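These protein sequences, in sequence, are chains A and B. Numbering of the first sequence is given in the working numbering, commencing with residue 1 and proceeding in unit increments. Numbering of the second sequence is given in the working numbering, commencing with residue 91 and proceeding in unit increments. Following: one structure in structure tokens, then a few remarks.
Number of protein chains: 2
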Amino acid sequence: MFLSEYASYIGTVGATLTTVSFVPQVIHSYRTRDLSGVSLSMYSIFTLGVGLWLVYGLLKQDWPLIVANSITFCLATIVIVLKVQQLLKK
Amino acid sequence: MFLSEYASYIGTVGATLTTVSFVPQVIHSYRTRDLSGVSLSMYSIFTLGVGLWLVYGLLKQDWPLIVANSITFCLATIVIVLKVQQLLKK
Chain A
1 MFLSEYASYI
11 GTVGATLTTV
21 SFVPQVIHSY
31 RTRDLSGVSL
41 SMYSIFTLGV
51 GLWLVYGLLK
61 QDWPLIVANS
71 ITFCLATIVI
81 VLKVQQLLKK
Chain B
91 MFLSEYASYI
101 GTVGATLTTV
111 SFVPQVIHSY
121 RTRDLSGVSL
131 SMYSIFTLGV
141 GLWLVYGLLK
151 QDWPLIVANS
161 ITFCLATIVI
171 VLKVQQLLKK
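Below, the structure written as structure tokens:
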């Protein structure tokens, strides 16, 4: 029981960190408009994957999953938009 | 029951895509050695989060979680190493 609660706590912190981690990438990309090192393939596949996680969360009515994946989906989409903007300018 | 099976399938595809997505980023970063647009803060926080997810998976003995997060942890760590190498060269 204790181990289970402890695991949930670790999982929650892990989920929060992986979600929040995209904030500095968005800020960095927005400020510098330098996305040359960012892989569009990576963000496209990643965002599609997060979108499916979101559908999974919605089907399961799992609110932590829905909230975390909605935020990640939006942040990753902003990076994609900035990357495509940079590619179109070239 | 059908919805539940369908949801698990969607979740599995989502998890596979988010894990696999880091492969093109690693290839891109390794080939170009251009990581100027990649946020070190993002990858540091993200990798820490994935590491905690891995601990969560180990505590829960959840093999899909363990496998997916081990792969993502390694791929994200490679990006961090390449980014730090680039920063040290400057």
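Every residue, glycine too, gets a C-beta built ideally from N, C-alpha and C. The model shown is predicted, which means the values in this text are computed figures rather than measured ones.
| query | result |
| --- | --- |
| A/Gln25 - containing alpha helix (DSSP H), residue span | 22-32 |
| Three or more C-beta pairs below 8 Å linking the region 48-59 of chain A and the region 24-40 of chain A | no |
| Contact check, B/Ser111 vs A/Gly49, beta carbons under 8 Å | yes |
| Neighbourhood of B/Ser134 by C-beta, 7 Å cutoff - its chain only, sequence neighbours within 5 removed | Ile170 |
| Endpoints, alpha helix (DSSP H) assigned at A/Gln86 | 63-89 |
| Segment contact flag, the region 150-160 of chain B with the region 61-77 of chain A, C-beta cutoff 8 Å, min 3 pairs | no |
| Contact with chain A by B/Ile156, beta-carbon distance below 8 Å | no |
| Alpha-carbon spacing of A/Val26 relative to A/Ile78, whole angstroms | 7 Å |
| 8 Å Cβ cutoff met for A/Leu82 and A/Val23 | no |
| Test item: CB-CB of B/Ile161 and B/Thr102 under 8 Å | no |
| For A/Gly37, three-class secondary structure by DSSP | coil |
| 8 Å CB neighbourhood of B/Thr137 in its chain, flanking five on each side removed | Phe163, Ala166, Thr167, Ile170 |
| Inter-residue CB distance, B/Leu107 and A/Leu17 (contact presumed, cutoff 8 Å) | Not confirmed; about 20 Å, so no contact. |
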